[in-house]
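Novice: Reading the sequence shown from the start, the letters are residues 0 to 379 in numbering that gives the first Met the number 0.
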Amino acid sequence: MKIAYVTPYKSTDILSWSGLGFYIAQSLKEQAIEIKHIDSLREKYSLLFKAKKAFYLLLKKRYLLDREPVIIKDYANQVYKRLSQTNVDLVFSTGTIPIAYLDCQQPIVIWSDCTFAGMVDFYPYTSNLCQETLNHGNVMESFALQKCKLAIFASEWAAQTAIDHYKIDPIKVKVVPFGANIECHRSLNEIKMIIEKRPPNKCKLLFIGVDWFRKGGNIALEVAKALNKSGLPTELTIVGCKPIVKEPLPNFVKSLGFISKSSEEGKQKIADLLAESHFLILPSQSECFGVVFCEASSFGVPCLATQVGGIPTAVRDNFNGKLFALDANISDYCHYISDLFTHYSDYKKLALSAFDEYHSRLNWSVAGKTVKNLLMDILS
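Written out as structure tokens, the structure reads:
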């Protein structure tokens with residue numbers, strides 16, 4: 000099987016889209032799928048679009064350039080020209096933008112973490128959108144999804160937004176979770192040893208996120224404070240951002256800043272932090288999926304997260320962690336953690352179950368095989 004792999008950005012760049020474009024391509028290559036990269040698309044921004052953006056800023060509205068029809072149609076033209084120079088069985092895109100206006104003979108498949116409708120007022124940068132962007136975005140998304148032979152999403156939530164908002168045939172909508180963007184060759188015995196090394200009398204919480212409030216860093220900090228106050232010694236390690244607080248951080252908090260996984264040193268540091276932590280705590284206020292939950296599971300680290308967006312596909316209650324309501328009390332988190340430390344054998348079982356979740360469904364090998372089978376079905 001030979002596919003055209005379409006991304007607006009450079010698909011080999013591990014820093015673009017949290018590395019997902021790179022890892023998706025790798026997962027397909029490992030299934031003996033030949034890939035022709037059509038990426039690094041030129042952005043045709045004119046003074047008119049920049050003026051529009053400035054105009055809407057005056058109106059205190061957000062205008063998205065990447066939903067402008069002229070730009071999206073130009074993307075489609077670039078893809079078409081490069082597509083005509085190769086011989087492929089199908090077109091595979093990591094999103095709807097570059098293929099929304101693409102006319103080609105080959106079937107088109109997308110694999111994404113959300114739809115435009117699902118993003119509206121979900122993230123800060125897709126909130127308070129101007130009516131022009133809303134109209135363009137929904138029309139473009141509808142075109143793309145109707146055009147697709149297959150629409151794969153990383154979560155049930157994202158898949159449902161496609162069906163509910165764009166009325167596409169549910170039979171061509173599939174759910175395949177993403178994998179962990181981190182190397183994992185750990186065996187079950189190695190995971191057991193990693194879990195045994197964690198102290199049973201001190202709770203180590205790990206927060207990884209670049210947006211302090213959206214990722215729930217303020218909640219994680221309050222949980223750590225409350226656990227220490229209750230008598231359970233707790234350490235909170237913060238990675239990815241600087242905590243936004245009004246007072247000095249307590250001495251049980253370690254703020255390490257951003258650690259890049261693009262370097263071997265950074266990868267190893269993240270791996271070490273995950274291995275020694277009891278929980279990944281990430282009470283996100285909005286999240287399309289959360290690859291970091293897969294990464295935590297690969298180390299047998301249960302996740303404490305929220306029932307929002309695509310997270311319930313990545314984190315399942317009592318399998319690889321616990322989901323809390325967005326308005327859950329700090330005490331809800333504390334009671335759950337304290338109970339597991341009181342019955343520490345239950346914690347160990349949960350940690351092993353988290354690794355099983357990674358091994359059975361939250362890794363790129365399983366994802367790649369599943370997607371390959373779906374692609375074979377539409378080509379047969």
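Note that CB positions come from ideal geometry on N, CA and C, so glycine has one too.
Got a sec? Which residues, its chain only, sit under 8 Å from tryptophan 211 by beta carbon, not counting five neighbours each side?
Specialist: Residue mapping note: residue 211 aligns to position 212 of the sequence shown, counting from 1. Correct list, in chain order: Asn217, Cys240, Lys241, Pro242 and Ile243.
Novice: Once DSSP output is grouped into helix, strand and coil, what is the label at tyrosine 165?
Specialist: Here residue 165 refers to the residue found at position 166 of the sequence shown. Residue state, collapsed to three classes: helix.
Novice: Less than 9 Å separating the beta-carbons of valine 69 and lysine 43?
Specialist: Residue 69 sits at position 70 when you count from the first residue of the sequence shown. Residue 43 sits at position 44 when you count from the first residue of the sequence shown. Yes, they are a contact pair.
Novice: Identify, in the order they occur along the chain, each residue of the same chain with its Cβ nearer than 7 Å to the Cβ of serine 141, setting aside the five sequence neighbours on each side.
Specialist: Here residue 141 corresponds to residue number 142 of the sequence shown, with the count starting at 1. Only Tyr165 meet the Cβ criterion.
Novice: Which partner residues of serine 92 appear in the DSSP bridge assignment?
Specialist: Counting from one through the sequence shown, the residue named residue 92 turns up at place 93. For serine 92, which the question treats as bridged, DSSP gives the partners Val5 and Ile109.
Novice: Can you tell me the Cα-Cα spacing of proline 249 and lysine 214, whole angstroms?
Specialist: On the sequence shown, position 250 is the one that residue 249 refers to. On the sequence shown, position 215 is the one that residue 214 refers to. Taking the straight line from one Cα to the other gives about 20 Å.
Novice: Spatial neighbours of aspartate 120 within its chain, please: CB distance less than 7 Å, with the 5 preceding and 5 following residues excluded, ordered by chain position.
Specialist: As a first step, residue 120 must be located in the sequence shown, where it is residue number 121. Cβ within range, chain order: Ser126.
Novice: Less than 9 Å separating the beta-carbons of glutamate 356 and asparagine 328?
Specialist: In the sequence shown, counting from the first residue as 1, residue 356 sits at position 357. In the sequence shown, counting from the first residue as 1, residue 328 sits at position 329. It is not a contact, given that the beta carbons lie outside the stated cut-off.
Novice: Tell me, to the nearest whole angstrom, how far the beta carbon of alanine 304 is from that of leucine 322; I am working on the premise that it is less than 8 Å.
Specialist: Stepping through the sequence shown from its first residue, residue 304 is reached at position 305. Stepping through the sequence shown from its first residue, residue 322 is reached at position 323. Contact holds; Cβ gap of about 6 Å.
Novice: Thinking just about the alpha-carbon of each residue, which of Glu221, Gly136 and Ala31 is nearest to the one in glutamate 246?
Specialist: Along the sequence shown, read from residue 1 onward, the residue named residue 246 stands at position 247. Closest option to glutamate 246, Cα to Cα, is Glu221.
Novice: Would you call the CB atoms of proline 176 and leucine 349 closer than 9 Å?
Specialist: To locate residue 176, count along the sequence shown from 1; it is residue 177. To locate residue 349, count along the sequence shown from 1; it is residue 350. No, Cβ-Cβ distance for proline 176 and leucine 349 is not below 9 Å.
Novice: In three-state terms, what does DSSP make of cysteine 293?
Specialist: As a first step, residue 293 is located in the sequence shown; it is residue number 294 there, counting from the start. Residue state, collapsed to three classes: helix.
Novice: Taking its Cβ as the centre, do 16 or more other Cβ atoms sit within 10 Å of isoleucine 377, making it buried, or is it exposed?
Specialist: Your numbering for residue 377 matches position 378 in the sequence shown. By the 10 Å Cβ count, isoleucine 377 comes out exposed.
Novice: Could you spell out where the beta strand (DSSP E) holding lysine 203 opens and where it closes?
Specialist: Working through the sequence shown from its first residue, we reach residue 203 at position 204. That run of the beta strand (DSSP E) goes 202-207.
Novice: Could you tell me which of Ser154, Phe288, Thr95 and Lys201 sits nearest to serine 229, measuring between CA atoms?
Specialist: Mapped onto the sequence shown, residue 229 falls at position 230. For the residues Ser154, Phe288, Thr95 and Lys201, the minimum Cα distance to serine 229 belongs to Lys201.
Novice: In the DSSP assignment, find the alpha helix (DSSP H) that holds cysteine 333 and state where it starts and stops.
Specialist: Here the question's residue 333 lines up with position 334 in the sequence shown. In the DSSP assignment, cysteine 333 falls within the alpha helix (DSSP H) that extends over 329-341.
Novice: Is it a yes or a no for the region 4-12 touching the region 87-96, going by three-plus beta-carbon pairs under 8 Å?
Specialist: yes
Novice: Between which two residues does the beta strand (DSSP E) holding alanine 31 run?
Specialist: Position 32 of the sequence shown holds residue 31. Segment: none, alanine 31 is in no beta strand (DSSP E) and carries neither H nor E.
Novice: Compute the Euclidean distance between the alpha carbons of isoleucine 310 and methionine 118, then round it to the nearest angstrom.
Specialist: One-based indexing of the sequence shown puts residue 310 at position 311. One-based indexing of the sequence shown puts residue 118 at position 119. Answer to the nearest angstrom: the Cα atoms are 14 Å apart.
Novice: How is glycine 320 classed by DSSP in three states: helix, strand or coil?
Specialist: Residue numbering aside, residue 320 sits at position 321 when the sequence shown is read from its first letter. Three-state result, glycine 320: strand.
Novice: Once DSSP output is grouped into helix, strand and coil, what is the label at serine 254?
Specialist: Stepping through the sequence shown from its first residue, residue 254 is reached at position 255. When DSSP states are grouped into helix, strand and coil, serine 254 belongs to the strand group.
Novice: Take histidine 358 as the anchor and find which of Gln77, Trp16, Ser297 and Asn188 has the nearest alpha-carbon.
Specialist: On the sequence shown, residue 358 is found 359 positions in, with the first residue counted as 1. The residue with the shortest Cα to Cα distance from histidine 358 is Ser297.
Novice: Spatial neighbours of arginine 279 within its chain, please: CB distance less than 6 Å, with the 5 preceding and 5 following residues excluded, ordered by chain position.
Specialist: As a working mapping, residue 279 is identified with position 280 in the sequence shown. The residue you asked about is not arginine; residue 279 is leucine in the sequence shown. Around leucine 279: Leu205, Ala295, Val300 and Cys302.
Novice: By Cβ distance, which residues of its chain are closer than 6 Å to tyrosine 74, with the 5 residues on each side in sequence left out?
Specialist: In the sequence shown, residue 74 corresponds to position 75, counting from 1. Leu40 and Pro97.
Novice: Assign threonine 85 to one of two classes, buried (16 or more other C-beta atoms within 10 Å of its C-beta) or exposed (fewer than that).
Specialist: For the purposes of this step, residue 85 is identified with residue 86 of the sequence shown, where counting begins at 1. Answer is exposed; the Cβ neighbour count stays below 16.
Novice: With DSSP as the reference, label isoleucine 280 as helix, strand or coil.
Specialist: In the sequence shown, counting from the first residue as 1, residue 280 sits at position 281. Strand, per DSSP.
Novice: State yes or no: is the C-beta of leucine 255 within less than 9 Å of the C-beta of threonine 233?
Specialist: The sequence position of residue 255 within the sequence shown is 256, counting from 1. The sequence position of residue 233 within the sequence shown is 234, counting from 1. At least 9 Å separates the beta-carbon of leucine 255 from that of threonine 233.
Novice: Take lysine 371 and list the residues in its own chain whose beta-carbon comes closer than 6 Å to its own, dropping the five residues that flank it on each side.
Specialist: By one-based count along the sequence shown, residue 371 stands at place 372. If we look at lysine 371 and ignore the five residues flanking it on each side, its Cβ neighbours are Gln30.
Novice: Which residue from Asp345, Thr132, Lys173 and Leu351 puts its Cα closest to that of phenylalanine 152?
Specialist: Within the sequence shown, numbered from 1, the residue matching residue 152 stands at position 153. Here the closest residue by C-alpha is Lys173.
Novice: For tryptophan 363, which of Ser10, Phe21, Leu231 and Asp168 has the nearest alpha-carbon?
Specialist: Against the sequence shown, residue 363 aligns to sequence position 364. For tryptophan 363, the closest of Ser10, Phe21, Leu231 and Asp168 by C-alpha to C-alpha distance is Phe21.
Novice: Can you find a CB in chain C that lies within less than 9 Å of the CB of tyrosine 357?
Specialist: The structure shown contains no chain C, having only a single protein chain.
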